Amino acid sequence: MNYLPFLFYEQLAAQLEWGDLNKLFSKLVPSTLTKVCRVHLENRQTISLRMLYTEGGQWMFSLFSSWKPGNRMLTDLTKYEYVDTIVVANRVNPFYCPSPFEDNAFYWKDSLEKILRILPRYLRRAEFRWNDTRNNDEFNRKFCDVFLGSGLASTPFVEVRIPHVSNQGAEFLKRQVSFQSLQKLQIGGTTPPAQWESSGSHIPDCIEELLWQPQLKHFSANYVCEVTPDIVRTLFLRWKSSKFSLDLYGNPTVAREVYKELDQWSFDSDDWSYDEWEQEGRLCRSWDLSKRKSHAGKIRFMVGLGRITIKGVRK
Numbered sequence: 004m005n006y007l008p009f010l011f012y013e014q015l016a017a018q019l020e021w022g023d024l025n026k027l028f029s030k031l032v033p034s035t036l037t038k039v040c041r042v043h044l045e046n047r048q049t050i051s052l053r054m055l056y057t058e059g060g061q062w063m064f065s066l067f068s069s070w071k072p073g074n075r076m077l078t079d080l081t082k083y084e085y086v087d088t089i090v091v092a093n094r095v096n097p098f099y100c101p102s103p104f105e106d107n108a109f110y111w112k113d114s115l116e117k118i119l120r121i122l123p124r125y126l127r128r129a130e131f132r133w134n135d136t137r138n139n140d141e142f143n144r145k146f147c148d149v150f151l152g153s154g155l156a157s158t159p160f161v162e163v164r165i166p167h168v169s170n171q172g173a174e175f176l177k178r179q180v181s182f183q184s185l186q187k188l189q190i191g192g193t194t195p196p197a198q199w200e201s202s203g204s205h206i207p208d209c210i211e212e213l214l215w216q217p218q219l220k221h222f223s224a225n226y227v228c229e230v231t232p233d234i235v236r237t238l239f240l241r242w243k244s245s246k247f248s249l250d251l252y253g254n255p256t257v258a259r260e261v262y263k264e265l266d267q268w269s270f271d272s273d274d275w276s277y278d279e280w281e282q283e284g285r286l287c288r289s290w291d292l293s294k295r296k297s298h299a300g301k302i303r304f305m306v307g308l309g310r311i312t313i314k315g316v317r318k
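4 is the number of the first residue of the sequence shown in my numbering; add one for each residue after it.
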């Protein structure tokens with residue numbers, strides 16, 4: 004059994020976290036395979052990897068674990084440890100906020116290309132967080148292609164937070180949607196990539212497919228160019244029928260169609276309110292709707308000043 008890679012056992016052991024499968028596991032005849040899976044399940048530990056771009060133009064890396072501090076690098080991880088969070092930050096950014104553990108953490112310098120090449124073998128059900136989604140488009144454009152075009156593109160993530168300035172952004176998202184693993188997606192930044200603009204929307208076509216995938220729990224997108232009635236309907240139906248939250252900003256198209264449906268959705272809700280006002284000489288409208296008590300939650304649609312804002316939360 005030793006010739007099998009440890010990630011093989013990791014994947015099997017992960018399934019045992021589900022209650023029904025755990026019961027089934029206890030009934031299986033003991034074997035080398037089940038024993039090894041049990042060892043991985045009991046011993047595995049999660050690690051966070053922080054990747055910092057410094058003022059000198061170098062990259063520094065740090066591993067953070069609440070259970071095993073020390074001066075360790077990525078290659079020092081044992082077969083029971085895996086990275087479940089990747090955080091990319093730019094220390095040069097004036098808006099940069101250091102994390103609580105940063106001052107006392109051990110950092111090592113290394114080649115970014117090398118780290119990105121070996122990193123996928125240490126990942127499982129990981130989160131990828133690009134912290135500089137705003138106020139630093141130059142940094143995003145310079146490095147986001149490097150990250151999203153690396154081996155990370157072939158790794159399924161459960162959470163992704165990225166700016167939409169990368170030329171690799173749309174292809175990266177298509178790959179992630181095809182894995183059907185994304186539970187949270189946040190697209191930030193101030194400048195959309197050219198290939199998203201050419202399609203008439205800053206949201207790639209694959210996003211609409213993602214919105215219907217049952218594992219998705221949260222969707223957030225800033226500065227989306229056009230929010231079509233179809234996207235509004237999809238978001239509302241997802242929020243209404245499942246544990247789904249959203250936070251979307253963009254420019255609406257065919258707003259009158261949306262108004263009619265919002266009015267109808269209001270009447271179908273347990274509690275709702277409507278308001279309209281003038282701002283900068285233009286009419287603004289807002290709808291606040293709540294779900295039935297058995298599925299508590301609220302959603303707000305606000306249309307005006309050439310943009311639409313949709314916020315849906317679950318209690």
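All C-beta atoms, glycine included, are put in the ideal place defined by N, C-alpha and C.
All values reported here derive from a predicted model rather than from experimental measurement.
- Under the rule that a run must span 4 or more residues, the alpha helix (DSSP H) segments found entirely inside the region 118-174 read 140-151.
- Counting C-beta pairs with one atom in each stretch, the region 278-295 and the region 214-227 have fewer than three that are closer than 8 Å, which means they do not touch.
- In chain order, Ile50 and Tyr125 place their CB closer than 7 Å to the CB of Leu80, counting only its own chain and leaving out the 5 sequence neighbours on each side.
- Separation of the CB atoms of Ala129 and Thr88 is rounded to 6 Å, and the pair is thereby assigned contact status at 8 Å.
- With 16 or more neighbouring CB atoms inside 10 Å of its own CB, Arg127 falls in the buried class.
- Taken atom to atom, the span from the alpha-carbon of Asp278 to that of Asn254 is near 20 Å.
- Inter-residue distance for Ser244 and Leu238 is about 10 Å (C-alpha atoms, whole angstroms).
- Linking Leu55 to Leu292 through their CA atoms gives a straight-line distance of about 42 Å.
- For Gly315, DSSP records a beta bridge to Leu249 and Ile302.
- Per DSSP, Leu213 is one residue of the alpha helix (DSSP H) stretching across Asp208 to Leu214.
- When only Cα atoms are considered, Ser153 and Ile190 end up about 19 Å apart.
- Excluding the 5 residues flanking it on each side, Gln61 has same chain C-beta neighbours closer than 7 Å at Lys112, in chain order.
- Ranking Gly59, Pro123 and Ile118 by CA distance to the CA of Arg94 puts Gly59 first.
- By DSSP's assignment, Ala108 forms no beta bridge with any residue.
- Here Arg241 carries a helix assignment [DSSP, helix/strand/coil].
- Within a 10 Å sphere around the beta-carbon of Ile121 sit fewer than 16 other beta-carbons, which makes this residue exposed.
- Here DSSP, grouped into helix, strand and coil, assigns Thr78 to helix.
- Selection Phe131, Met76 and Glu212 evaluated against Ser114 yields Met76 as nearest (Cα-Cα).
- Secondary-structure assignment with DSSP links Phe182 through no beta bridge to anything.
- Here the alpha carbon of Ala173 sits roughly 32 Å from the alpha carbon of Arg288.
- Shown here for Gln183: same chain residues with a beta carbon closer than 6 Å to its own, the five before and five after excluded, namely Gln216 in chain order.
- By the neighbour-count criterion, in which a residue is buried when 16 or more other Cβ atoms sit within 10 angstroms of its Cβ, Gln218 is exposed.
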